[in-house]
Each structure stands twice: as structure tokens, then as C-alpha cells.
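Enquirer: Next up is a structure, given as C-alpha cells.
Here it is in C-alpha cells:
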């Protein structure tokens, strides 16, 4: 591959990553408001912020031919209870751990469903896993497969009741195919059926 082709690939990869990260952030913020009725403020977190320490995290995966996207939301159950109490007009002590996990799984599912539709509107076929909740300090998916490149972005979603750290890891499996995608967030298709992995 010549120098010009390599430079073009780098520009294409950078542009694609920026679009995926922005679509991820929009999806998670929109879904927070839809799911809880509370608007969240986005606070950027740079790569120097270090590891995220939280009691729990929700995880969901999106897979498309040129990339794998791992979406996580790190949270503390007390924050989710406060948010749910506001949204459901209940007392916090009436909201058990099962409801907290259900709320966060559904939040991940809604957000990544929106992200999936955004990616599909750009011509990508996307598979979506079921969301799950696990311990926040488990770095199960942190290690990239050999021969791939991984980009990570994080932001904090803050509401009056809660703070969540949302993190996306984009693992590019095929740089050439990744750069061929028409990365445009200007149009998104809200239709389409879910395809679970």
C-alpha cells in the first residue's frame, strides 16, 4: 500500500471513529431522557481520566463486518435508585437491586438500539447482543484481539440524581472496509428490526 493510500486510510479511520463516538453519545443521552424522563448533561472525559471505578456496569455489544463496538455504562446502584425514584415517583428504599439491574439493561438496550439504527442508516449490517449487568471493575472485554486497533472514548452523563460513565470501545477488524463506509450522521433510519447475536 502506498503512502497516499495509507494517509487516506488514516483520515478515513479518524472520520469514522468520530462519527461512531458521536452516535454513541447521542444515543445514550437520548435514551436516558426517554427511559427516565430526566435530561442528562454530557461531560467529556479524556483518555487520561484513568480506569473507571464503579460498583456495577451494563455491557452490550454491536458487531458489524469492519468493527466490534463494546458499550458500557458504569454506575452505582444508589444513583440508579435515586433516578428511578424521581422517574417513577417512588421511595428509593422501595426499589430493589433487581429493578436497578433491569433499568440499566433496558437503558443499554435502548441506547444501542438507537446506535444500531444510526449505523444501519450508513449501510452497515449490525448484530446486537443482549445487555447484561456485571461488576464494574471486571475488565472482561478490555484486551483487543491481536492485529486489530481499538479506539476508546468516555463521557459522563450527569443528572441531578445520578452520574454514569459511558464508555465505548471500537475495535476495527478491517481498516479497508471501515474506510469505505459513508460516515454520515445527518440521516438516521428509526425503523428496522433487531437482529440479536
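In the numbering used here, the protein residues as written are 15 to 211. The C-beta atom is built at its ideal place from N, Cα and C for all residues, glycine as well.
#1: Classify residue 82: buried if its beta carbon has 16 or more other beta carbons within 10 angstroms, exposed otherwise.
#2: Out of 163, 183 and 132, state which residue places its alpha-carbon closest to the alpha-carbon of residue 195.
#3: How many angstroms separate the CA atom of residue 73 from the CA atom of residue 106?
#4: Evaluate residue 94 with the Cβ neighbour count: other Cβ atoms within 10 Å of its Cβ, from every protein chain shown; 16 or more gives buried, anything less gives exposed.
#5: Fully enclosed by the region 35 to 69, which beta strand (DSSP E) runs are 3 residues long or longer?
#6: Rounded to a whole number of angstroms, what is the C-alpha to C-alpha distance between residue 51 and residue 57?
#7: Could you check whether the Cβ of residue 83 sits closer than 6 Å to any heavy atom belonging to the ligand SAH?
#8: For the region 173 to 183 against the region 95 to 105, are there 3 or more C-beta pairs whose distance is under 8 Å?
#9: Is residue 91 buried or exposed, if buried means 16 or more other CB atoms sit within 10 Å of its CB?
#10: Do residue 168 and residue 147 have their beta-carbon atoms positioned less than 7 Å apart in this structure?
#11: Determine which residues share a DSSP beta bridge with residue 76 and list them.
#12: Check the DSSP bridge columns for residue 116 and list the partner residues they point to.
#13: Check this for me: beta carbons of residue 49 and residue 121, under 7 Å apart or not?
#14: So the candidates are 197, 47 and 166; which of them puts its Cα closest to the Cα of residue 101?
#15: Short check: CB of residue 124 to CB of residue 45, under 7 Å?
Expert: Put simply:
#1: buried
#2: 132
#3: 24 Å
#4: buried
#5: 55 to 59
#6: 19 Å
#7: As for the ligand SAH, it is missing from this structure, which has no ligand bound.
#8: yes
#9: buried
#10: no
#11: 83 and 142
#12: Paired residue(s): none; residue 116 is not in a bridge.
#13: yes
#14: 47
#15: yes
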